Amino acid sequence: MPRSYGRNERVAAAVRRELADVLQNELHDPRVKNATITEVDVSPDLRNARVYISFLTDKKEEIDAAMKGLKSAKGFLRSQLASRLNLRYMPDLDLRYDSLLTESMKLDALIAKGLNKN
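1373 is the number of the first residue of the sequence shown in our numbering; add one for each residue after it.
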């Protein structure tokens, strides 16, 4: 039997899709280039959205600058979402760095290094 998706999961998918589009096409801050929305979790009451973001770099200074840029653009991101989504309440965005991509790149490099030694 197929799984039915709840409203908060549908809203999370819409927020993820629209935020990715805004980051790619509307936000012109050079600090946030190569930002990728990896996941969005929306609370059951649809008031809060936890947005996980990864970057194609492992340099801490670039990641910190990008997160600072995103947090300063949070109001812009939220207003863009409000104009694109037909929701009674626009979720408050909690932007968080997702280190999974960086960690997997480091792990791949370690594996490749180990394979090259043999």
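Every residue gets a Cβ at the ideal spot worked out from N, C-alpha and C, and that includes glycine.
Note that the structure is predicted; figures quoted are calculated from it, not measured.
Query: With N1488 as the anchor, note down where its alpha helix (DSSP H) starts and where it stops.; Result: L1472 to K1489
Query: Taking the alpha carbon of P1402 as the point to measure from, which residue in A1484, A1385, K1485 and I1435 has its own alpha carbon closest?; Result: I1435
Query: On the premise that P1463 lies in contact with L1318, defined as a C-beta separation below 8 Å, what is that separation, rounded to the nearest angstrom?; Result: Nothing can be reported for residue 1318, as the shown portion of the chain is limited to 1373 through 1490.
Query: Output the distance between the C-alpha atoms of L1473 and E1411, rounded to the nearest integer angstrom.; Result: 12 Å
Query: Look at R1379 and I1409 and say whether their C-beta atoms are less than 9 Å apart.; Result: no
Query: Less than 9 Å between the beta carbons of L1465 and K1489, yes or no?; Result: no
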